[in-house]
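Novice: Chains as they are written, first to last, in the numbering used here: chain A, 1 to 114; chain B, 115 to 344.
There's a structure below that I have some questions on.
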Amino acid sequence: GVDCGADSRMCCRQEFFVDFKEIGWEDWIIQPEGYHMNYCTGLCPLHVAGIPGLAASFHTAVLNRIKAASAAAAVDSCCVPTQRRPLSLLYYDRDSNIIKTDIPDMIVDSCGCT
Amino acid sequence: EAKGSGCPVCGVASLAPGAQRDALLELAKQSILAKLRLPARPGVPQPPSRGALLTALRRMRAQRSDPATASPGMLRDGRVPSRPGMGLQEYEILSFAESGPSTSHRVHLHFRFSQEVARSTEILQATLYLFWAAPGAQPITVRLLQPDPAGPNMTVASETRLEVQRSGWTTLDVGATLQSLFGQETPRLTVELEVPKDWGTPLPSNHSDSHWPFVVAQAQARTPHRLHRR
């Protein structure tokens, strides 16, 4: 996958860190100190459709040229997460019990075009 | 995609940078609360004393590393927790006792659990940890009470008689009782400890003591009911 730069236009992963102190949640969330709420953004033109991230191999470049030339049914392709992992939280519930849980698929590690 | 469609961050890209950050922070809050099944963030917690928390964590680690010798008076009904479901969200809950109405020879302890967790999970295993402060041998009856659906009283869910030989930790399996409580309106476990008259309370003197009773429960998200239609 590709991480977004300042002027990325193609499909990439935009990092976004939420510091629990900044939103006033540090009193009830014991660990971690924040949440990497990364998200996928950017264009998925037809000739890169179906390739997670931006593949750079020669074979893919040729494939892309063929796709662009054929421009068959111009279907949409979306920039979506291709790899995600859980968010482990240790927090106080409203009865001040201490709860540890792993919320699946909460952190996006990489993006790609459908 | 059109703003407000199924894609939560799409509409954000068109906002001004400052507003964009606020919108994303709000989205992060909603996302975490939704996954924890909380309607709103909990109020400011009353954390347990540091000593009680450290002692509980040490006991949990000791129990996990060598359950056979973790503590005298180990009581289990021999149940093996059902294998945690693959991919279902799992929870580990540590709940410290609240003191209930007590006399010189009868002590009540309450363990509260939030409805959000109780409604959306099923108990895999739950263990009550009790520390006996009395130095010598002592007969103790431990009763697990639960609200009587038919009225205001409590019914005895289980009763265990212990002959405690010396001061130290004892554990009691409370999984079945907690599982049935999780199906009720107020998931609250009440433990009654009774000793013969004039024997004096078997527990540490007060709440801040680092040997205060606690319950450790492992739970997992209830499997979503799948309806099959033919």
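Every residue, glycine too, gets a C-beta built ideally from N, C-alpha and C.
Note that the structure is a prediction, hence the values are computed from the model and not measured.
Alpha carbon to alpha carbon, how far is cysteine 11 of chain A from alanine 142 of chain B?
Specialist: 21 Å
Novice: Name the chain B residues whose beta carbon is nearer than 9 Å to that of proline 32 of chain A?
Specialist: Ordered by position in chain B, no residue passes the 9 Å Cβ test against proline 32 of chain A, which lies about 12 Å from the chain.
Novice: Could you round the C-beta distance between glutamate 92 of chain B and glutamine 332 of chain B to whole angstroms and report it? I think they count as a contact, below 8 Å.
Specialist: Here chain B comprises residues numbered 115 to 344, so residue 92 of chain B is not present and cannot be evaluated.
Novice: For a test of the three-state rule: what should DSSP assign to arginine 9 of chain A, helix, strand or coil?
Specialist: coil
Novice: Tell me the DSSP secondary structure of glutamate 26 of chain A in three-state form.
Specialist: coil
Novice: Looking at the C-beta of proline 327 of chain B, does it have a partner C-beta in chain A at a distance below 8 Å?
Specialist: Not one chain A Cβ lies under 8 Å of proline 327 of chain B.
Novice: Which same chain residues end up closer than 8 Å to isoleucine 98 of chain A when comparing Cβ atoms and leaving out the 5 residues on each side of it in sequence?
Specialist: Ile30, Leu90, Tyr91 and Tyr92
Novice: Check the DSSP bridge columns for serine 209 of chain B and list the partner residues they point to.
Specialist: B:Val329
Novice: From what residue to what residue does the beta strand (DSSP E) around valine 270 of chain B run?
Specialist: 268-278
Novice: Using beta-carbon positions only, say whether tryptophan 326 of chain B and alanine 176 of chain B come within less than 8 Å of one another.
Specialist: no
Novice: Between the segment 154-169 of chain B and the segment 303-311 of chain B, do at least 3 Cβ pairs fall closer than 8 Å?
Specialist: no
Novice: From the beta carbon of tyrosine 243 of chain B, is the nearest beta carbon of chain A less than 8 Å away?
Specialist: The Cβ of tyrosine 243 of chain B sits no closer than 8 Å to any Cβ of chain A.
Novice: Please confirm if leucine 138 of chain B has its CB atom under 8 Å from at least one CB of chain A.
Specialist: yes
Novice: Could you please give me the residues that DSSP links to phenylalanine 225 of chain B through a beta bridge?
Specialist: B:Leu303
Novice: Taking Cβ-Cβ distances below 7 Å as the criterion, which residues of the segment 85-104 of chain A are in contact with chain B?
Specialist: Residues passing the 7 Å Cβ filter: Tyr92, Asp93, Arg94, Asp95, Ser96, Asn97, Ile98, Ile99, Lys100, Thr101, Asp102, Ile103 and Pro104.
Novice: What are the partner residues of cysteine 4 of chain A, as DSSP defines its beta bridges?
Specialist: For cysteine 4 of chain A, which the question treats as bridged, DSSP gives no partner whatsoever.
Novice: Using 8 Å for Cβ pairs, my map puts alanine 251 of chain B next to leucine 317 of chain B. What's the rounded Cβ distance?
Specialist: That pair is no contact at about 16 Å.
Novice: Whose Cβ in chain A lies nearer than 8 Å to the Cβ of arginine 74 of chain B?
Specialist: Residue 74 of chain B lies beyond the range of chain B shown here (115 to 344); nothing can be said about it.
Novice: Please classify alanine 6 of chain A: is it buried, with 16 or more other beta-carbons within 10 angstroms of its beta-carbon, or exposed?
Specialist: exposed
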